[in-house]
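One structure is given here, and the rest of the page talks about it.
Next up, the structure:
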């Protein structure tokens, strides 16, 4: 665990020091929070609470995954493109330890930005609402358990892909994922007018899915090997 | 210390290493030479456990470095590959500190002392807190070298360590390698194109071509094996060169095919201890010799001979 944490700390430091990337992350968090949370003022008083929770449910999760995508490019893809990964593979860490350290290193800052988003949505929605808006207990559980689990699963799967695939395949994958996430983020606006109420059952199901995804990703790392990584370095 | 046995590696049906075998003993500085694409990096990657051999074995201290259960063994190995393995966004200190922690140096004060000592040695102590992204290629290479030895390895693998360095830094690298070998008994595997560097520091070398070992011995032995005794004769008058060449060709102990003429200089391959005979024969025929000396082949000549022969065999 100690060496995994060493890798994680280094990755976090690297992410924080990449100012452009951090600024992009914070910009998206602020921008999407503002344009979506302001929408609560157009909703009828009786539906405001549900819409506010819908927003937190959907948007915090999507933004967290988007951050995981953004950071995994730097942490996994760039390290492979620059060939640094080869040196790292010669250190006394197993491939799974390296992968785990990087996933933790991505998940923590991505989750912090997701939390910032949740806080911003709550503050802005309260500014524009006549009644006091607080997240439901189920949404609190979602934000504190489901979201980090999904972020970790997304970071793990992306990292697995970056390690496994060649540079061209990775570029195609990155572009595809970018468009999918971006479209999903824009789709967030539609939930403002929706009538979904997220129950304990729904949140519980999401948590199970996140755990299954994490387990699947961890299982998939068995199929990673040093030769595959080294021979796909450009 | 390092043992490579009948190593063969095939990529997509193409064999890039064919039955490569060699051994590096403890404390030796082993030079691994060969033209581009000969299979040097593939050999190195197999030894380091980054690639699996198609057949054969590679051992470091009797164990396979690639196996996950041999993580402890990797603590004893230092690696400097073609890529420097340093992070642009981190400072020189942070880079070394990261690797030191990965190699199990847990004591913060000890790490700090070691990092300062190394940065001082490679001449980067005044750039300790600068981001590596601002470093020149040579500075990055120096930092990478410090990174490779931050944990005081027992075996060190160096792939072109002097690449991109100025002459002064090249001497520093050479001195460091010698110091590591002589004072600390570190076994060094050196992948290099710099034949001068190899000749100066390596105790043993192997020359690889088209995936096959063409020569494997000490530098001295290889030179002796490959080198035929040659004399270089410089004449006072270049007009005598043609006549001198004809005389030399008529002597039974001179190899006619190896006689070369370059203006007033003639190089001839002869049987040992016959230079005085040549001199007297030439003088008897009225040719004034300005200088006559034995010439020996450099490692570069030996290397080029081996590579050239290998090419001819392959064709």
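Residue numbers (our numbering), protein chains in the order written: chain A, 1 to 234; chain B, 1001 to 1315.
Quick reminder that beta carbons are idealized off the backbone N, C-alpha and C, glycines included.
In this text the structure is predicted, and so the values were computed from the model without any measurement.
Option in the options with minimal Cα separation from residue i
i	options	result
residue 1136 of chain B	B:1084, B:1253, B:1114	B:1084
residue 1266 of chain B	B:1238, B:1301, B:1039, B:1182	B:1238
residue 89 of chain A	B:1107, B:1051, B:1313, B:1215	B:1051
residue 100 of chain A	A:234, A:182, A:222	A:222
residue 94 of chain A	B:1038, B:1111, B:1069	B:1069
residue 1121 of chain B	B:1103, B:1169, B:1082, B:1074	B:1169
residue 203 of chain A	A:54, A:26, A:85	A:54
residue 1303 of chain B	B:1028, B:1189, B:1035, B:1008	B:1035
residue 104 of chain A	A:208, A:207, A:153, A:130	A:153
residue 1086 of chain B	B:1063, B:1282, B:1147, B:1190	B:1147
residue 1150 of chain B	B:1195, B:1223, B:1095	B:1095
residue 1207 of chain B	B:1076, B:1310, B:1067, B:1009	B:1310
residue 1317 of chain B	B:1209, B:1105, B:1183, B:1190	Residue 1317 of chain B is absent from the structure shown; chain B starts at 1001 and stops at 1315.
residue 1039 of chain B	B:1016, B:1243, B:1187, B:1099	B:1016
residue 128 of chain A	A:210, A:45, A:84	A:45
residue 1032 of chain B	B:1010, B:1075, B:1246, B:1211	B:1211
residue 62 of chain A	A:226, A:114, A:43	A:114
residue 1305 of chain B	B:1108, B:1252, B:1222, B:1075	B:1222
residue 112 of chain A	A:86, A:171, A:12, A:214	A:12
Per-residue contacts from residue i into chain B (C-beta, under 8 Å)
i	result
residue 159 of chain A	Within 8 Å Cβ-Cβ: nothing; residue 159 of chain A doesn't reach chain B, min ~17 Å.
residue 226 of chain A	1049, 1050, 1051, 1066
Within-9 Å CB hit, residue i to chain B
i	result
residue 169 of chain A	no
residue 102 of chain A	no
residue 45 of chain A	no
residue 91 of chain A	yes
residue 94 of chain A	yes
residue 239 of chain A	Because residue 239 of chain A is not part of the residues shown, which for chain A are 1 to 234, the question remains open.
Test item: CB-CB of residue i and residue j under 9 Å
i	j	result
residue 60 of chain A	residue 143 of chain A	yes
residue 1254 of chain B	residue 1268 of chain B	yes
residue 1231 of chain B	residue 1294 of chain B	yes
residue 1156 of chain B	residue 1079 of chain B	yes
residue 56 of chain A	residue 135 of chain A	yes
residue 1248 of chain B	residue 1289 of chain B	no
residue 1024 of chain B	residue 1046 of chain B	no
residue 1020 of chain B	residue 1041 of chain B	no
residue 160 of chain A	residue 220 of chain A	yes
residue 51 of chain A	residue 39 of chain A	yes
residue 1320 of chain B	residue 1059 of chain B	Outside the shown range of chain B, which is 1001 to 1315, sits residue 1320 of chain B, and nothing can be said about it.
residue 1124 of chain B	residue 1053 of chain B	no
residue 118 of chain A	residue 200 of chain A	no
residue 133 of chain A	residue 29 of chain A	no
residue 1091 of chain B	residue 1132 of chain B	yes
residue 102 of chain A	residue 66 of chain A	no
residue 1214 of chain B	residue 1307 of chain B	yes
residue 1005 of chain B	residue 1056 of chain B	yes
residue 1233 of chain B	residue 1178 of chain B	no
residue 1073 of chain B	residue 92 of chain A	yes
Inter-residue CB distance, residue i and residue j (contact presumed, cutoff 8 Å)
i	j	result
residue 166 of chain A	residue 232 of chain A	4 Å
residue 1089 of chain B	residue 17 of chain A	5 Å
residue 1154 of chain B	residue 1193 of chain B	Residue 1154 of chain B to residue 1193 of chain B, Cβ: 26 Å. No contact.
residue 64 of chain A	residue 140 of chain A	About 15 Å separates the two Cβ atoms, so there is no contact after all.
residue 36 of chain A	residue 68 of chain A	With a Cβ gap of about 20 Å, residue 36 of chain A and residue 68 of chain A do not count as contacting.
residue 187 of chain A	residue 224 of chain A	About 33 Å separates the two Cβ atoms, so there is no contact after all.
residue 80 of chain A	residue 229 of chain A	7 Å
residue 70 of chain A	residue 14 of chain A	Not quite, the Cβ-Cβ distance comes to about 13 Å (not below 8 Å), so this is no contact.
residue 1164 of chain B	residue 1141 of chain B	5 Å
residue 3 of chain A	residue 1176 of chain B	Rounded, the Cβ-Cβ distance is 28 Å, inconsistent with contact.
Chain D contact residues for residue i, given Cβ-Cβ distances below 9 Å
i	result
residue 230 of chain A	Among the protein chains of the structure shown, namely A and B, there is no chain D.
Under 9 Å from the C-beta of residue i: neighbouring residues of chain A
i	result
residue 1090 of chain B	10, 13, 14, 17
residue 1039 of chain B	In chain order: nothing, as chain A lies at least about 14 Å away.
Contacts that residue i makes with chain B (C-beta to C-beta distance below 9 Å)
i	result
residue 6 of chain A	1098, 1101, 1102
residue 87 of chain A	1079, 1080, 1081, 1083, 1084, 1085, 1086, 1099, 1144, 1147, 1148
residue 3 of chain A	1101, 1102, 1104
Partner residues on chain A for residue i, Cβ-Cβ distance less than 7 Å
i	result
residue 1215 of chain B	Per Cβ cutoff of 7 Å: no residues; residue 1215 of chain B is ~28 Å from chain A at best.
Minimum Cβ-Cβ distance from residue i to chain A less than 9 Å
i	result
residue 1030 of chain B	no
residue 1073 of chain B	yes
residue 1026 of chain B	no
residue 1094 of chain B	yes
residue 1189 of chain B	no
residue 1135 of chain B	no
residue 1011 of chain B	yes
Check: residue i C-beta below 8 Å from any heavy atom of the ligand SAM
i	result
residue 46 of chain A	Absent from the structure shown: the ligand SAM. Ligands present: none.
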